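Residue numbers (UniProt numbering): 1 to 372.
1) Apart from the five residues on each side of it in sequence, which residues of its chain come closer than 8 Å, Cβ to Cβ, to residue 136?
2) Is it buried or exposed, residue 133, if we count other Cβ atoms within 10 angstroms and call 16 or more buried?
3) Could you spell out where the beta strand (DSSP E) holding residue 114 opens and where it closes?
4) Assign residue 57 to one of two classes, buried (16 or more other C-beta atoms within 10 Å of its C-beta) or exposed (fewer than that).
5) Is the number of C-beta pairs between the region 211-218 and the region 188-196 that are closer than 8 Å three or more?
6) Would you check if the region 254-268 and the region 291-306 touch, i.e. whether three or more CB-CB distances between them fall below 8 Å?
7) Under 8 Å, with one C-beta from each stretch per pair, do the region 149-161 and the region 118-125 reach the 3-pair mark?
8) Grab me the residues of residue 365's own chain with a C-beta within less than 8 Å of its C-beta, minus the 5 sequence neighbours each way, in chain order.
9) Starting from residue 327 and walking both ways along the beta strand (DSSP E), at which residues does that stretch end?
10) Reducing DSSP to helix, strand and coil, say where residue 88 ends up.
11) Going by beta-carbon coordinates alone, are residue 110 and residue 73 separated by less than 8 Å?
12) Taking Cβ to Cβ, would you say residue 206 is nearer than 8 Å to residue 269?
13) Taking 8 Å as the cut-off, decide whether the C-beta atoms of residue 327 and residue 275 are in contact.
14) DSSP three-state label for residue 352, please.
15) Quick one: give me the first and last residue of the alpha helix (DSSP H) that residue 99 is part of.
16) Please identify the residue among 201, 147, 82 and 50 whose C-alpha is closest to the C-alpha of residue 115.
17) On the three-state DSSP scale, how would you describe residue 359?
18) Measure the alpha-carbon distance for residue 182 versus residue 38 and round it to whole angstroms.
19) Nearest-angstrom Cα distance between residue 175 and residue 285?
20) Let me check one thing: in DSSP terms, what residues is residue 160 bridge-paired to?
21) Does residue 364 come out as helix, strand or coil in the three-state DSSP assignment?
22) Is the distance from the Cβ of residue 170 to the Cβ of residue 179 below 8 Å?
23) Cα-Cα, which of 212, 349, 316 and 303 is closest to residue 278?
24) Can you tell me whether residue 168 is helix, strand or coil according to DSSP?
25) Can you say whether residue 70 is buried or exposed, counting buried as having 16 or more other CB atoms within 10 angstroms of its CB?
26) How many Å lie between residue 201 and residue 168 at the Cα?
27) To the nearest angstrom, how far is the alpha carbon of residue 118 from that of residue 153?
28) If you run the structure through DSSP and keep just helix, strand and coil, what is residue 253?
29) Find out if the Cβ-Cβ distance for the pair residue 283, residue 236 is shorter than 8 Å.
30) Note down the Cα distance separating residue 225 from residue 292, rounded to an integer number of angstroms.
31) Report the three-state DSSP secondary structure of residue 185 (helix, strand or coil).
As structure tokens, this is what we get:
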């Protein structure tokens, strides 16, 4: 009898323990499933929109699923640049851009337009007459306005923000504005004119100046000089786009913090527009891969990238009231422009998702900076 009672007591206790263990396991599974359902847009919902650069091919298979799970803003990587969307005076290629905007509309995603006036990918026709000579200031301004009217006008009310002028500051710190055909033919008011034309085409759109390496103090100061100039000329500029093409080597936390402080003090919107974190130091000129140059994603590089992203997001969170968007430049490590530039064929791993569209360890390391 005593043995039977002991057995029964053991069974009851085992049942209680099993029940507790079962509840604990169910809770852990539920928590895991909830976390898997959340994306960057959810983790940072109270902080800033989370965007990604896309092409029409992005809306197929796993990449489409990843976009919808993680992001709430899209930027066309290439298809709205002048050379692509407007390759000839009387020719527009709308199909790819239309597809991106339609996908965004269908899925309640915001769109940032990129980019209206740039010294690259323009199509040389815009600067030349029928004899191959440079056009006059008036002709170029008319062509600029016609381009902006057509592109911005087509997507009026569907694109909330535009990179109106891209990369107009010279790389040489001794110069102010980049030596481009826009500057040469029109003069330094070409930027103000571009903003005026864009505002006329869509008065509700947010209009940005967008540039790279502008965390570096000397280039930062020239951007601030440009912003002051545009304001003095009553240009309808609304924001500054900071291209976050950074690396595990730079910028420093203090450089980033100081730059965001100075940019936000202008009173304009500030966004991180093209975020990726390269494993290699910054190089401007294209070159071939060296024989002794490894592109292996080593543990050391992985940890350095995690540290860099944590550093950047720490500062982003400090400025969550001022930052109005963060956009990653490409979806995953499967396809990134950094595989082709500055070294063709050198593999890079700059994003939060690996080549199989899976979250990398760095993803988990930055969501801790989201508001709980």
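C-beta: ideal position from N, C-alpha, C; glycine also. Just so it is clear, the structure is predicted and the values come from calculations on it, not from any experiment.
Here's the rundown:
1) Closer than 8 Å at Cβ, skipping near neighbours: 185.
2) exposed
3) For residue 114, the enclosing beta strand (DSSP E) covers residues 110-118.
4) exposed
5) no
6) no
7) no
8) 306, 309 and 310
9) 323-328
10) strand
11) For the 8 Å CB-CB criterion, residue 110 and residue 73 form a contact.
12) yes
13) yes
14) coil
15) 95-106
16) 82
17) strand
18) 45 Å
19) 19 Å
20) According to DSSP, which records beta bridges pairwise, residue 160 is partnered with nothing at all.
21) helix
22) With contacts defined as CB atoms closer than 8 Å, residue 170 and residue 179 qualify as a contacting pair.
23) It is 349 whose Cα lies nearest to the Cα of residue 278.
24) Three-state result, residue 168: coil.
25) buried
26) 22 Å
27) A straight line joining the alpha-carbon of residue 118 with that of residue 153 spans about 19 Å.
28) helix
29) no
30) Near 42 Å, if we compare the C-alpha coordinates of residue 292 and residue 225.
31) helix
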